[in-house]
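Beneath this line is the structure, given in C-alpha cells, with notes to follow.
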Amino acid sequence: MLEIKGLTATIEDKIILKGIDLVVPDGEIHAIMGPNGAGKSTLSYVLSGRDGYEVTGGSVLFDGQDLLAMEPEARAAAGVFLAFQYPVELPGVGNANFIRTAVNAVRKARGEPEMDTVAFLKEARAAIKRLSMPEDMLKRNVNVGFSGGEKKRNEILQMALLQPRLALLDETDSGLDIDALRIVADGVNAARGPNFSALVITHYQRLLDHIVPDRVHVLAGGRIVRSGGPELALELEAHGYAGLEAA
Amino acid sequence: MSELDFLDRIDLASVSEHPHRLAALDAFRAAGFPTRRDEAWHFTDLKARMRDFDWAQKGDQAVLALPDLSWAGVVLRDGIWDAASSRPAPFMSRLVRDEVVRAGSTALVALNAALGQDGVEMVLRDGEEGGTVMMVAQAGASAQPITPRYRVVLGAQATLTIIEVAQGSGAYVHDPVWDITLGPGARLDHYRLQDESVQSVHIATVFVAMGEAAHYNGFTLAVGASLARSEFHVALNGARGDVHLNAAQLLTGRQHGDVTTVIAHKAPLGASRQTVKSVIDGAARGVFQGRIEVDRIAQKTDGYQMNQALLLSPEAEIDSKPELEIFADDVKCSHGATIGALDPEQIFYLRSRGIAEADARALLIRAFLTEALEPIGESMARPLFEAAIEGWWRRAAL
Ligand SMILES: Nc1ncnc2c1ncn2[C@@H]1O[C@H](COP(=O)(O)OP(=O)(O)OP(=O)(O)O)[C@@H](O)[C@H]1O
Ligand SMILES: [Mg+2]
Chain A
1 MLEIKGLTAT
11 IEDKIILKGI
21 DLVVPDGEIH
31 AIMGPNGAGK
41 STLSYVLSGR
51 DGYEVTGGSV
61 LFDGQDLLAM
71 EPEARAAAGV
81 FLAFQYPVEL
91 PGVGNANFIR
101 TAVNAVRKAR
111 GEPEMDTVAF
121 LKEARAAIKR
131 LSMPEDMLKR
141 NVNVGFSGGE
151 KKRNEILQMA
161 LLQPRLALLD
171 ETDSGLDIDA
181 LRIVADGVNA
191 ARGPNFSALV
201 ITHYQRLLDH
211 IVPDRVHVLA
221 GGRIVRSGGP
231 ELALELEAHG
241 YAGLEAA
Chain Y
1001 MSELDFLDRI
1011 DLASVSEHPH
1021 RLAALDAFRA
1031 AGFPTRRDEA
1041 WHFTDLKARM
1051 RDFDWAQKGD
1061 QAVLALPDLS
1071 WAGVVLRDGI
1081 WDAASSRPAP
1091 FMSRLVRDEV
1101 VRAGSTALVA
1111 LNAALGQDGV
1121 EMVLRDGEEG
1131 GTVMMVAQAG
1141 ASAQPITPRY
1151 RVVLGAQATL
1161 TIIEVAQGSG
1171 AYVHDPVWDI
1181 TLGPGARLDH
1191 YRLQDESVQS
1201 VHIATVFVAM
1211 GEAAHYNGFT
1221 LAVGASLARS
1231 EFHVALNGAR
1241 GDVHLNAAQL
1251 LTGRQHGDVT
1261 TVIAHKAPLG
1271 ASRQTVKSVI
1281 DGAARGVFQG
1291 RIEVDRIAQK
1301 TDGYQMNQAL
1311 LLSPEAEIDS
1321 KPELEIFADD
1331 VKCSHGATIG
1341 ALDPEQIFYL
1351 RSRGIAEADA
1361 RALLIRAFLT
1371 EALEPIGESM
1381 ARPLFEAAIE
1391 GWWRRAAL
C-alpha cells in the first residue's frame, strides 16, 4: 500500500508539489489526470528517487517503509516500477542483457535465486508473445532506434518481467496506436491482482476504457484538486480542467 | 634520470658488439628519451616520468598466473624465452637478433635494437593457416629494460591470430617492438592486452607493412602501467589493403595512457578504420594521436577514424590530435572526436530498474567500449579481454 501525506517538493528552488495527499491500497489502480506542467511526472520521479528533487515536507510510506529514505535501486527491489514518460536510450546495451540484469538485481535483493540466460530468455519470449511485440526487440540496444510506441511497449515488457508491486505509468499511452494501446492495457490488466497496484498518469479517457481505474484524481498546480470514481474521467473529457484548480 | 644515468644502470658489457647494436646504442644516446618538445611526444612526457622512475619497487613474479595457454604460444619472462612454459607453434622460433634487427626510427626502437636479448619470429608460408597463438610477456624481476622484438612474416594468403598479453609486477620498463610484414591477401588478427603492473612503463611500437589486399585486424586493450604508449605505424604498400585498428584504454589514479597511430595509404583502393576509446577516472590522463596519410597515388582510399573519451572524474583529462594529410583527390576520409561523461539520465534509468549505482556505471562503461571491441568478435580471445575490463572496473571502483 502507498500512502502519500502532505508531500511537497521543489526543483531548482521552484515549488512543484505543494502538498500531495494520496492513498493507493493494495490491488487498486488509480488514475492521475491533470494539465501540462501540473507536477504529475515530478510526483512519479520523486516516488522512484530521481536526483534533483528536494522533498521539503511530508512523507511517503510504501508497505509501511519510508520510501523517500531509500535509494532508487532499493525502491525497485521493494517493488516500485516507473514506466518513463520518455524512456531512455542505452546505446551499446542489449535489451535482453539489460532486462535480465535488472531482473536478477531485483531477485538478488529479494533473496531469490538468479535466473540463468536460458530461463530468462524463455520467460522474456513468452512475455513478448503475450504482449504481441516483435521478437527482435530483445536483440536490439535498449530503446535505440525504437519508435515512440515501441519504447512504451518496452517499458511494459520490463514491467511484465520485473513483476512490481506498484507500477507508476507516466503517460504510457501517449504516442500509442490503437492496437498498441490495447496491448499496453492488457499488460497492466494481466498484472492486476491483490499484490499489484498502479498509478496511471494519462491525459486521455481512452486508456481508462481499457484499464478501468478504482479512483481518478486530478492533479493541478501541485495539488490533488479532485478525486472521484471512473466517471470523473468522462466528466473531465467533456468539460476540461477549467475551474478545477480553484476548487 | 637522464639517458646517461639510465644507461649507467644497464649492464652494457652484455650488449653485443655487433655493429647494428652499437649504432643503435649511439642513436639512443643521441636522441635521448623523448620530451614534450618532440612533436610526436607533445602530450606524453616520457622523460619526466623516467626522471621519477623508482626501480626499487620490486614485484613478486610468482604471484602472476599465466593466462590459459590452451593455444600454442611462447612465454617471455623479463624478455627471455621461457622454454619450460612455452609451447611454440611450428612456425614460431627464437629470433636471432643481431642478424635481423636494425635501429629504427625512434629512440625507443633504437633502445630495443641496442639492448634486446630475445625475440620471437613467426614466419608463415604462402597459404599457411596458423590458427591462434599466444604471445605472453611477463615482467617483474628485471632491473634492466625489457626489450623483446617480434618479427611476423605472413606469406601470400596466409592467416594468423596472435593474442598478445603483457603483464608483470613491480617497477620495470617494457619496450617491445613488432615488425610485421603481410604478403598479398594475408590476414593477421592481432589482439593485444596491456595489463602491466601499475608501477611500470610500457612503450610498444608496432610496424605493419602490408602487401596487396592484405588485412590487418588489430585491437589493443590497455589497462595497466604507470605510463603506457602503443604506437602503430601501418603502411598500406599494396592496393586494396584493409586495416582495422581499434584500441581502448582504461585509466585511473595517476596513470598516463597514449595511443598513437600513423596509417600511411601508399597505394590505391585501401581502407582503414580506427575506433579508439578512452575511459579516464581519477587524475589519469589519456592521449590519442591519429594520423592518416594518403599519398597522391592512393586514389579511392577510404579512411575512417573515431576517437571518443569518457571522463569519469573532474580531474580526468584527454588530449586528442587527429591529423589528415591527404595528397590524393579522390578519397573518402572522415574523422570524429567526442568527449563526454556518464549520463545521469541513463544511470537513473538503470537504477530505477533495481541495478545498483556502481553496476549501472560499469554497464554503461562497458557499453561505451562495445564498438572498439568489434575486431575481436566472438573469438576465443573475448573472455580474456572481458575479464581484463571487469578487473579494471573493480580496481577503479576501490
Ligand atoms: N529541471 C527542471 N527545472 C525547472 N523546472 C522544472 C524542471 N523539471 C520540471 N520542471 C517544471 O516542473 C513543472 C512540473 O513538471 P512535470 O513534468 O511534473 O509536469 P507534468 O504534470 O508531468 O506535465 P505533462 O503533462 O506535460 O507531462 C513544470 O512547470 C516544469 O517546467
Ligand atoms: Mg509528465
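Keeping their order, the protein sequence lines are chains A and Y. All the letters of the first sequence, read from the start, carry residue numbers 1 to 247 under our numbering. All the letters of the second sequence, read from the start, carry residue numbers 1001 to 1398 under our numbering. For every residue, glycine included, the Cβ atom is placed at its ideal position computed from N, Cα and C. Note that the coordinates shown come from a computational prediction; the quantities given were computed from them, not determined experimentally.
- Gln1308(Y) and Arg1285(Y) have their C-alpha atoms some 14 Å from each other.
- Neighbours of Thr1370(Y) in chain A, taken as residues whose beta carbon is under 7 Å from its own, are Gly92 in chain order.
- Taking the Cα of Val1331(Y) as reference, the smallest distance to any Cα among Arg1296(Y), Ile1280(Y), Ile1339(Y) is reached at Arg1296(Y).
- Beta-bridge partners assigned by DSSP to Thr1275(Y): Met1306(Y).
- Between the segment 11-31 of chain A and the segment 206-220 of chain A there are three or more C-beta pairs closer than 8 Å, enough to call the two in contact.
- With respect to the 8 Å criterion, Asp173(A) and Val188(A) are not classified as neighbours on the basis of their beta carbons.
- Sorted by chain position, residues whose beta-carbon lies closer than 7 Å to a non-hydrogen atom of ligand 2 are Lys40(A), Ser41(A), Gln85(A), Asp170(A), Glu171(A), Ile201(A).
- In terms of beta-carbon proximity, Glu171(A) stays away from the interface with chain Y, with every pair separated by 8 Å or more.
- With contacts defined as CB atoms closer than 8 Å, Gly1170(Y) and Glu1128(Y) fail to qualify as a contacting pair.
- Taking Glu1323(Y) as reference, the option from Leu1025(Y), Gln1274(Y), Ser1085(Y), Arg1029(Y) with the minimal CA-CA separation is Gln1274(Y).
- Inclusion of Ile16(A) in the 7 Å shell around ligand 1 follows from its C-beta lying nearer than that to a non-hydrogen atom of the ligand.
- For Glu123(A), the enclosing alpha helix (DSSP H) has its first and last residue at 117-130.
- For Gln205(A), the uninterrupted alpha helix (DSSP H) run begins and ends at 205-210, by DSSP.
- The continuous alpha helix (DSSP H) containing Arg107(A) extends over residues 95-109.
- In the structure shown, Gly64(A) adopts coil according to DSSP, grouped into three states.
- Of the heavy atoms belonging to ligand 1, none sits nearer than 7 Å to the Cβ of Ala74(A).
- DSSP places Thr1370(Y) in the helix class (H, G or I) of the three-state scheme.
- Taking non-hydrogen atoms of ligand 1 into account, the C-beta of Asn154(A) is found less than 7 Å away from none of them.
- For Ala1283(Y) against Glu1325(Y), the beta-carbon gap comes to about 34 Å, at or over 8 Å, which does not count as contact.
- Residue side-chain check: Ile4(A) keeps its Cβ at 7 Å or more from all non-hydrogen atoms of ligand 1.
- Residues of chain A with a Cβ closer than 7 Å to the Cβ of Ile1355(Y) are, in chain order, Glu73, Thr101, Ala102, Ala105.
- Within chain A, no residue has its beta carbon less than 8 Å from that of Tyr1304(Y); the closest one is some 18 Å off.
- In the displayed model, Tyr1172(Y) falls within coil according to three-state DSSP, outside both helix and strand.
- From the beta-carbon of Pro1383(Y), no residue of chain A is found nearer than 7 Å; the closest lies around 15 Å away.
- Shown here, Lys139(A) sits in coil according to DSSP, grouped into three states, outside any helix or strand.
- It is roughly 17 Å from the alpha-carbon of Gly1241(Y) to the alpha-carbon of Asp1179(Y).
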